[in-house]
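Here the structure comes first, spelled out in structure tokens, and everything after it is commentary.
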Amino acid sequence: MNIPPHTILAIESSCDDTSVAVVQGGKVLSNIVSTQDIHNRFGGVVPELASRAHQSNIVPTISIALKDAGIDVGEIDAVAYTNGPGLSGSLLVGSSFAKSWAWSKQIPAIPVNHMRAHILAHFLEPGPTPEFPFLCLTVSGGHTQIVRVNSPHEMVLLGTTLDDAAGEAFDKVAKLIGLDYPGGPAIDRYSLLGDSKQFVFSGSKVKYLDFSFSGLKTQALRFLEKTMPSNPDFFSTENGKNLNDFCASVQHSIISMLMDKLTLAVDETGIKEIAIAGGVSANSGLRYALTEKQKDENWVIHIPPLSLCTDNAAMVGIAGVFDFEVGVLGTLYDIPSPRLPDLNTACL
Ligand code: KG4
Ligand code: ZN
Numbered sequence: 197m198n199i200p201p202h203t204i205l206a207i208e209s210s211c212d213d214t215s216v217a218v219v220q221g222g223k224v225l226s227n228i229v230s231t232q233d234i235h236n237r238f239g240g241v242v243p244e245l246a247s248r249a250h251q252s253n254i255v256p257t258i259s260i261a262l263k264d265a266g267i268d269v270g271e272i273d274a275v276a277y278t279n280g281p282g283l284s285g286s287l288l289v290g291s292s293f294a295k296s297w298a299w300s301k302q303i304p305a306i307p308v309n310h311m312r313a314h315i316l317a318h319f320l321e322p323g324p325t326p327e328f329p330f331l332c333l334t335v336s337g338g339h340t341q342i343v344r345v346n347s348p349h350e351m352v353l354l355g356t357t358l359d360d361a362a363g364e365a366f367d368k369v370a371k372l373i374g375l376d377y378p379g380g381p382a383i384d385r386y387s388l389l390g391d392s393k394q395f396v397f398s399g400s401k402v403k404y405l406d407f408s409f410s411g412l413k414t415q416a417l418r419f420l421e422k423t424m425p426s427n428p429d430f431f432s433t434e435n436g437k438n439l440n441d442f443c444a445s446v447q448h449s450i451i452s453m454l455m456d457k458l459t460l461a462v463d464e465t466g467i468k469e470i471a472i473a474g475g476v477s478a479n480s481g482l483r484y485a486l487t488e489k490q491k492d493e494n495w496v497i498h499i500p501p502l503s504l505c506t507d508n509a510a511m512v513g514i515a516g517v518f519d520f521e522v523g524v525l526g527t528l529y530d531i532p533s534p535r536l537p538d539l540n541t542a543c544l
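Its first residue numbered 197, the sequence shown is counted upward by one per residue in the working numbering.
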């Protein structure tokens, strides 16, 4: 696909990562992510601390991203920024900064829907880019969606989670067994050494293309309540196999639920051009399951590079490239929205 060659400064601050990127068409000139380690000790993101950390991080992160991009500031056509969904205070820091910066340079500011940006990350290099229409399984810490993508500006939500998101399920189970936040990457690492058939966590039964992950968390909790009192050393270092097997079994259950619904979506729509996006698309088990489908069922799969799976500003930048091209621009009056039900809009 021909990506218009606009140069966009992008800011992402929807949760606990402050990220700034410069993209030029599909090229990532810089993509800096300042991670906020302060939340680790609380076992989850503390919104007030996240807003304050964004405020401290945003100026240095912008300076580094601009320097790394190696361009003249005058070359920037517009500033794209995440306007939702996300944490209210975190969004306010990024959006206020983006609008002020754009206003000071007399260039447009473009509000972007975070979930749409995860999907459009597939149009950044190295590619190859997906052909339209394609299906995208977007799996993050706050959302789990199956989306039919007809164009960068026309996305149809086919299914969504009714309770926890897939990433949230990873993180909540990880917290139950004392792993640091976010627990998804750690469960993934232990899983690689474990036997996923050792413990059985059953999937959920919800209608059509929707998901539910809260039952898995409850099953994991019941398992621990039953096991730990009689065997407090179950997860000790000497019993390392138990931790690996437990993680592999939980991961297997989450991936099975995701893949069952994605397969149903392929059957229902007849679309075999398939992408995954969002933090959980970094999961090795999910990536492997997708490659198996490519082999066995001729799916044409698109798996993002790891740097574009979790939250980053380059994905916001490419959304900005597409919006700038067709003149979908924001105003100084746009207000961030913690909830954005429609993928095609960035403001309520
Ligand atoms: O998209 P993202 O960076 O932020 C949101 O928009 O929420 O996703 C973060 C989520 C977290 O729940 C994290 O545990 C999960 O992505 N995650 C993973 C892996 N890497 C990140 N989950 C499973 N396996 C991974 N390798
Ligand atoms: Zn995200």
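Think of the CB as a built atom: it goes at the ideal place given N, C-alpha and C, for glycine as much as any other residue.
Please read these numbers as outputs of a predicted model, since none were measured by experiment.
Enclosing alpha helix (DSSP H) for residue i [first to last residue]
i      : result
LYS403 : Neither: LYS403 is in no alpha helix (DSSP H) and is coded neither H nor E.
PHE419 : 410 to 423
GLY239 : Counting along the chain, GLY239 falls outside any alpha helix (DSSP H), and DSSP gives it neither H nor E.
GLN302 : No alpha helix (DSSP H) contains GLN302, which DSSP labels as neither H nor E.
THR487 : 480 to 493
Whole-Å CB distance - residue i paired with residue j, under 8 Å assumed
i      : j      : result
LEU353 : LEU539 : 6 Å
ALA542 : VAL308 : 5 Å
LEU504 : LEU320 : 6 Å
TYR386 : ASN440 : 5 Å
SER410 : ASP360 : 5 Å
PRO348 : LEU316 : 6 Å
HIS202 : MET511 : Not quite, the Cβ-Cβ distance comes to about 15 Å (not below 8 Å), so this is no contact.
MET311 : THR340 : So it is not a contact: roughly 10 Å between Cβ atoms.
ILE470 : LEU331 : 5 Å
ASN508 : ALA249 : About 17 Å; that fails the 8 Å criterion.
THR325 : MET455 : The Cβ separation is near 23 Å, so there is no contact.
Range of the contiguous beta strand (DSSP E) that encloses residue i
i      : result
THR547 : There is simply no residue 547 to check, as the chain begins at 197 and stops at 544 in what is shown.
VAL468 : The sequence shown places Lys at residue 468, rather than the Val named in the question. Run containing LYS468: none; DSSP gives neither H nor E here.
ALA276 : 274 to 280
SER215 : 213 to 220
VAL366 : Sequence inspection shows Phe at residue 366; the Val mentioned does not correspond to that position. Segment 362 to 372 is the alpha helix (DSSP H) holding PHE366; no beta strand (DSSP E) there.
ILE531 : From DSSP, ILE531 is part of no beta strand (DSSP E); its letter is neither H nor E.
Nearest to residue i (by Cα), restricted to the options the options
i      : options                           : result
GLN415 : VAL308, ALA261, ASN508 and PHE397 : PHE397
SER291 : GLN447, SER300 and ILE306         : ILE306
ILE260 : VAL229, GLY475, THR325 and SER400 : VAL229
VAL369 : ARG312, CYS443 and ASN346         : CYS443
SER445 : THR487, GLY481, LYS393 and LEU417 : LYS393
PRO329 : TRP495, LYS468 and PRO537         : LYS468
LYS223 : HIS318, VAL496 and GLY337         : HIS318
LEU262 : ALA206, GLY239, LEU245 and ASP233 : ALA206
VAL524 : VAL275, LEU502, GLY338 and LEU536 : VAL275
GLU464 : LEU417, GLY355, GLU434 and LEU486 : GLY355
Cβ-based burial, residue i [other Cβ within 10 Å; buried from 16]
i      : result
GLY363 : buried
TRP299 : exposed
GLN178 : Absent from the structure is residue 178, since the part of the chain shown begins at 197 and ends at 544.
LYS295 : buried
TYR277 : buried
ASP268 : exposed
THR214 : buried
TYR404 : exposed
PHE293 : buried
GLY390 : buried
LYS457 : buried
Rounded C-alpha distance that separates residue i from residue j
i      : j      : result
PRO532 : LYS422 : 44 Å
ILE450 : ILE303 : 44 Å
VAL242 : LYS437 : 33 Å
HIS448 : LEU388 : 11 Å
VAL402 : THR357 : 9 Å
ASP264 : ILE497 : 31 Å
PHE518 : VAL255 : 26 Å
GLY285 : MET453 : 33 Å
GLY513 : LEU412 : 35 Å
VAL476 : PHE430 : 27 Å
ILE383 : ASP233 : 19 Å
GLY323 : PRO425 : 51 Å
SER408 : PRO537 : 18 Å
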